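First the structure, in the form of structure tokens, and then the observations on it.
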Amino acid sequence: MSVTSRRRFAAIALASVAVLASATACGDDSSSGSDGGKVTLVVDVFGDQGFGYEDLYKQYQTEHPNVTIQERGKGLGLGDYNTRLTQQITAGAGAGDVVALEEGTIVQFFAQADKFVNLADHGANDLKGNFLPWKWEGGLTPDGKVLGLGTDVGGMAVCYRSDLFKAAGLPTDREQVGALWPTWDAFIEQGKKFAAADTKHKFVDSATNFYNIVLMQTAGAGSGYTYFDKSNKLVVGENPDVQSAFQQTTKMISAGLSNNLRSFSNEWNAGFKNGSFATIGCPAWMTGVIKGQAGDAATGKWDVAKAPGGAGNWGGSWLAVPKSSKHQKEAAELAKYLTSAKSQTEAFKKVGNLPSSPQALNDPAVLAATNEYFSGAPIGKIFAAGATELKPVYLGPKNQAVRDAVENALRSIEQGKAADAAWQDAVKNGQAAGK
Amino acid sequence: MSSLKTPAPPGASDRRSRPAPRHSPARRRQLNRLDLRFTPYVFVLPFFVLFAIFGVYPIVYTFWIAMTDRSPMNTTISFVGLDNFVELFTNDPQFWNAVVNTFGMFALSTIPQLIIALLLANALNRRIRGQMFFRLAIAMPIITSTAVVALIFSMIYARDFGLVNWLLDLVGLGPIDWRANRFASWFAIATMVDWRWVGYNALIYLAAMQSINKDVYEAAALDGASQRRQFWSITIPQLRPTIIFTLIISTIGGLQLFTEPLMFTSGSGALSGGTEGQFQTITMYLLDVMNQRFRWGYAGAVALVLFLLIASVSFLNYLLARRISSDK
Numbered sequence: 001m002s003v004t005s006r007r008r009f010a011a012i013a014l015a016s017v018a019v020l021a022s023a024t025a026c027g028d029d030s031s032s033g034s035d036g037g038k039v040t041l042v043v044d045v046f047g048d049q050g051f052g053y054e055d056l057y058k059q060y061q062t063e064h065p066n067v068t069i070q071e072r073g074k075g076l077g078l079g080d081y082n083t084r085l086t087q088q089i090t091a092g093a094g095a096g097d098v099v100a101l102e103e104g105t106i107v108q109f110f111a112q113a114d115k116f117v118n119l120a121d122h123g124a125n126d127l128k129g130n131f132l133p134w135k136w137e138g139g140l141t142p143d144g145k146v147l148g149l150g151t152d153v154g155g156m157a158v159c160y161r162s163d164l165f166k167a168a169g170l171p172t173d174r175e176q177v178g179a180l181w182p183t184w185d186a187f188i189e190q191g192k193k194f195a196a197a198d199t200k201h202k203f204v205d206s207a208t209n210f211y212n213i214v215l216m217q218t219a220g221a222g223s224g225y226t227y228f229d230k231s232n233k234l235v236v237g238e239n240p241d242v243q244s245a246f247q248q249t250t251k252m253i254s255a256g257l258s259n260n261l262r263s264f265s266n267e268w269n270a271g272f273k274n275g276s277f278a279t280i281g282c283p284a285w286m287t288g289v290i291k292g293q294a295g296d297a298a299t300g301k302w303d304v305a306k307a308p309g310g311a312g313n314w315g316g317s318w319l320a321v322p323k324s325s326k327h328q329k330e331a332a333e334l335a336k337y338l339t340s341a342k343s344q345t346e347a348f349k350k351v352g353n354l355p356s357s358p359q360a361l362n363d364p365a366v367l368a369a370t371n372e373y374f375s376g377a378p379i380g381k382i383f384a385a386g387a388t389e390l391k392p393v394y395l396g397p398k399n400q401a402v403r404d405a406v407e408n409a410l411r412s413i414e415q416g417k418a419a420d421a422a423w424q425d426a427v428k429n430g431q432a433a434g435k
Numbered sequence: 001m002s003s004l005k006t007p008a009p010p011g012a013s014d015r016r017s018r019p020a021p022r023h024s025p026a027r028r029r030q031l032n033r034l035d036l037r038f039t040p041y042v043f044v045l046p047f048f049v050l051f052a053i054f055g056v057y058p059i060v061y062t063f064w065i066a067m068t069d070r071s072p073m074n075t076t077i078s079f080v081g082l083d084n085f086v087e088l089f090t091n092d093p094q095f096w097n098a099v100v101n102t103f104g105m106f107a108l109s110t111i112p113q114l115i116i117a118l119l120l121a122n123a124l125n126r127r128i129r130g131q132m133f134f135r136l137a138i139a140m141p142i143i144t145s146t147a148v149v150a151l152i153f154s155m156i157y158a159r160d161f162g163l164v165n166w167l168l169d170l171v172g173l174g175p176i177d178w179r180a181n182r183f184a185s186w187f188a189i190a191t192m193v194d195w196r197w198v199g200y201n202a203l204i205y206l207a208a209m210q211s212i213n214k215d216v217y218e219a220a221a222l223d224g225a226s227q228r229r230q231f232w233s234i235t236i237p238q239l240r241p242t243i244i245f246t247l248i249i250s251t252i253g254g255l256q257l258f259t260e261p262l263m264f265t266s267g268s269g270a271l272s273g274g275t276e277g278q279f280q281t282i283t284m285y286l287l288d289v290m291n292q293r294f295r296w297g298y299a300g301a302v303a304l305v306l307f308l309l310i311a312s313v314s315f316l317n318y319l320l321a322r323r324i325s326s327d328k
């Protein structure tokens with residue numbers, strides 16, 4: 001090899017090192033960028049349907065010609081989304097300008113409140129009246145900073161297959177069905193009747209969905225918290241609400257009503273398609289899941305009735321602005337716009353997420369909304385009922401880890417384990433998970 | 001450059017002010033030396049730069065983080081010494097459950113895997129019809145994605161509509177809930193691992209077998225050694241280094257088993273590996289601790305103990321394999 005060609009090779013090698021070095025130095029620069037007064041805002045959401053903001057983005061961009069909005073995360077499950085967001089917030093880079101925080105995970109970010117913009121600095125306190133009081137409080141850190149503005153709430157109902165109810169000799173009208181089960185014990189009694197008449201189908205999809213609905217309702221009426229008390233002390237074994245929800249679920253399983261399907265699994269999805277169970281605990285967002293999984297073939301077979309035991313809430317989110325955003329002021333304005341009563345009504349029409357704004361909940365467009373897929377059920381009215389006078393349920397920072405441990409114990413009962421031993425497991429593993 | 005012992009060429013001191021003649025012999029000689037001396041390092045530099053960033057730094061950082069209570073939930077990081085390791089060794093039944101699972105599945109998959117691979121390679125080393133076809137066929141599973149393999153096998157072992165349970169039902173045996181029973185889940189996962197890796201190991205053994213001198217076999221045959229005797233007395237001893245290699249590679253892979261047991265559960269809570277941790281492996285537990293419980297420091301300790309386990313098991317395997325037929 002001649003000297004010159006060698007030298008050229010050395011130059012190429014050096015150049016490639018330089019390129020590699022600069023590539024690693026730049027990294028992921030996706031958060032935002034400005035270009036001659038133009039501002040690009042990235043919005044991070046999660047879930048199969050996203051948050052239903054597409055039309056709102058278009059309108060906002062028309063009103064603010066200098067703003068371009070990009071959305072990420074549609075189709076991403078909450079677990080994966082949250083893992084990624086936790087890393088981005090801790091690293092102080094890579095998160096969107098506006099990020100969605102879910103009911104079960106927002107408390108986790110209170111410990112990192114210094115990495116988020118206090119929205120009170122951008123006039124959020126004036127908007128307090130635009131949110132249900134408990135939803136507004138849920139977005140406040142313990143020392144009173146406004147971390148997030150509420151988007152939606154879950155509400156609570158029971159979705160049921162009216163065709164299976166009819167075949168089993170139960171009433172099918174949603175008012176009558178709701179009257180069948182004033183309490184969860186009555187719900188289980190109806191389940192036994194159903195099981196006696198129909199041996200092919202099960203009454204409930206799984207122990208865990210049943211349990212979560214009962215727990216959120218019991219805790220809302222009782223202690224106001226679940227596995228962690230409001231000082232973040234782990235109380236999975238001590239909170240009577242957890243134990244009573246667990247026992248209620250045990251009763252349901254031992255009555256043979258559960259289809260034993262793990263939520264969001266292939267078998268669960270197949271259960272919707274094959275219609276292998278008759279009821280499912282149903283927050284507003286679940287209607288979207290049912291429609292997506294059961295498909296068009298099941299149009300008109302599902303209906304919605306009020307849940308036993310009164311009102312309750314499961315799920316719902318907030319929008320927050322991380323300090324890593326380069327356009328905090330613009331991002332805060334966008335978050336305020338997306339959580340306004342008008343925007344919440346639009347999102348409800350689009351994907352069925354129940355508004356957290358009293359103005360939106362009283363909007364005729366929400367109150368009068370019916371869902372053709374669910375046999376024309378007045379979903380706005382059913383889910384909104386009781387949402388206004390709900391008491392908030394506090395979920396601790398490691399809620400998800402403890403919930404997994406307790407849910408696993410319930411599934412082990414479905415697999416044949418004794419209920420008492422499973423409760424011991426739930427407490428023991430819950431305590432390890434919440435450590 | 002100051003280490004160069006060559007005298008400075010004339011005019012070197014005022015090189016900056018006055019452009020030196022491009023091809024003066026002295027300068028050219030100096031460049032040549034520089035070239036010879038440093039170019040090789042430039043060539044290997046990219047690897048070492050990348051290795052430092054993605055290899056050395058994470059390892060050093062893991063050691064550091066394992067001695068802290070780092071977590072996104074804590075605003076400060078405090079040094080806790082060996083507390084994480086003490087907890088891990090004295091007060092963490094879930095970790096030891098994961099260790100038992102990992103070793104159980106490792107043994108259940110690796111031992112049959114290597115034995116089948118050896119027998120397959122031996123069969124393919126003979127003159128058979130369609131040799132090429134069979135050799136290619138056993139290598140096919142390697143090019144499939146682990147996630148796809150796990151997905152398909154999860155359906156085969158599904159509780160309600162699975163193929164295996166359908167077959168069991170057909171021959172009059174009851175269906176098995178593959179995820180509820182510990183041994184059943186291990187068996188199912190071991191079959192996934194083996195389906196994918198038997199061909200790979202067989203191919204390596206086959207290559208090694210073909211490099212064994214044919215004369216040895218001929219001599220043995222003349223002395224009246226049977227096929228079986230030839231296999232045990234010639235093939236196995238000659239394959240020793242290859243067997244050690246496959247053992248160590250399988251150990252590293254087996255103790256880091258992750259995708260198969262994770263995908264074996266579809267739906268929420270997959271990291272728990274079954275309702276009672278029946279098939280939760282160490283790597284699954286590691287991720288559970290890190291992403292669900294947010295104990296990053298503790299997860300670092302888990303990772304280091306996993307590293308130690310792999311290193312010691314690999315060493316044991318090495319000793320064991322060296323003993324196989326070392327004196328035959």
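Sequences listed follow chains U and G, in order. Residue numbers for the first sequence, in our numbering: 1 to 435. Residue numbers for the second sequence, in our numbering: 1 to 328. Quick reminder that beta carbons are idealized off the backbone N, C-alpha and C, glycines included. Only a predicted model underlies this, so the values are computations on that prediction, with no experimental measurement involved.
query, result
"Proximal residues of chain G, C-beta to C-beta of D425/U below 8 Å", "E276"
"Residue nearest to T83/U in terms of C-alpha spacing, selected from N91/G, L114/G, S71/G, N101/G", "S71/G"
"Burial state of S32/U, where buried means 16 or more other Cβ atoms lie within 10 Å", "Reliability fails at S32/U, whose pLDDT of 44 lies under 50, so the model's placement of it is uncertain and the value that follows must be treated cautiously. By the 10 Å Cβ count, S32/U comes out buried."
"DSSP three-state assignment for A311/G, whether helix, strand or coil", "helix"
"Against chain G: residues of the region 75-95 of chain U by CB proximity under 9 Å", "G77, G79, N82, T83, T86, Q87, I89, T90"
"8 Å Cβ cutoff met for G275/U and N259/U", "no"
"CB contact check: D55/U to chain G, cutoff 8 Å", "no"
"Coarse secondary structure for A377/U, derived from DSSP in three states", "strand"
"CB contact check: Q400/U to chain B, cutoff 8 Å", "Checking the listed chains, one finds no chain B in this structure; the protein chains it contains are U and G."
"C-alpha distance - V86/G paired with I77/G, whole-angstrom precision", "19 Å"
"As assigned by DSSP and simplified to three states, the class of R411/U", "helix"
"Residue span of the beta strand (DSSP E) that contains A157/U, given as start and end", "157-161"
"Cutoff 6 Å; reference V402/U; Cβ partners in own chain excluding five residues on either side", "Y227, V236, G430, A433, G434"
"Outcome for M140/G when other beta-carbon atoms lying within 10 angstroms are tallied against a minimum of 16", "exposed"
"Cβ-Cβ distance between A341/U and N130/U below 8 Å", "yes"
"Sufficient close CB pairs (3 or more, under 8 Å) joining the region 110-126 of chain U to the region 348-359 of chain U", "no"
"Beta-carbon contacts of V242/U that lie in its chain and below 7 Å, excluding the five residues immediately before and after", "L215, T226, Y227, V236"
"CB contact flag (L286/G, L306/G, <8 Å)", "yes"
"Rounded separation between L169/G and G256/U - CA only", "With the sequence shown as reference, residue 169/G is identified as Asp, and Leu is not the correct amino acid for it. When rounded, the distance between both Cα atoms is 22 Å."
"Three-state secondary structure assigned by DSSP to S78/G", "coil"
"W136/U versus Q415/U: straight-line alpha-carbon distance, rounded", "41 Å"
"Bridge partner(s) assigned by DSSP for G281/U", "V158/U"
"Contact with chain G by F46/U, beta-carbon distance below 8 Å", "no"
"Residue of K202/U, R72/U, N408/U minimising C-alpha distance to Q49/U", "R72/U"
"Neighbourhood of L329/G by C-beta distance below 6 Å, restricted to the same chain and skipping five residues each side", "The question about residue 329/G has no answer here: the residues shown for chain G are numbered 1 through 328."
"Top-ranked residue by Cα proximity to V393/U, from F46/U, P355/U, A311/U, A335/U", "A311/U"
"Classification of N125/U by the beta-carbon crowding that lies within 10 angstroms, buried from 16 upward", "exposed"
"Closest Cα partner of A208/G within the set V44/G, R28/G, A117/G", "A117/G"
"Neighbourhood of M286/U by C-beta distance below 8 Å, restricted to the same chain and skipping five residues each side", "C159, I280"
"Residue(s) in a DSSP beta bridge with G316/U", "V153/U"
"Length-filtered (4 minimum) alpha helix (DSSP H) runs lying within the region 166-227 of chain G", "182-210, 214-222"
"Spatial neighbours of Q94/G in its chain, beta-carbon cut-off 8 Å, leaving aside the 5 residues before and after", "G277, Q280, Y285"
"Nearest residue (CA-CA) to E267/U, options V171/G, R295/G, D160/G, G174/G", "D160/G"
"Below-8 Å beta-carbon distance, W314/U vs any chain G residue", "no"
"Interface flag, R159/G vs chain U, CB-CB below 8 Å", "yes"
"Chain U within 8 Å of S78/G, Cβ atoms only", "no"
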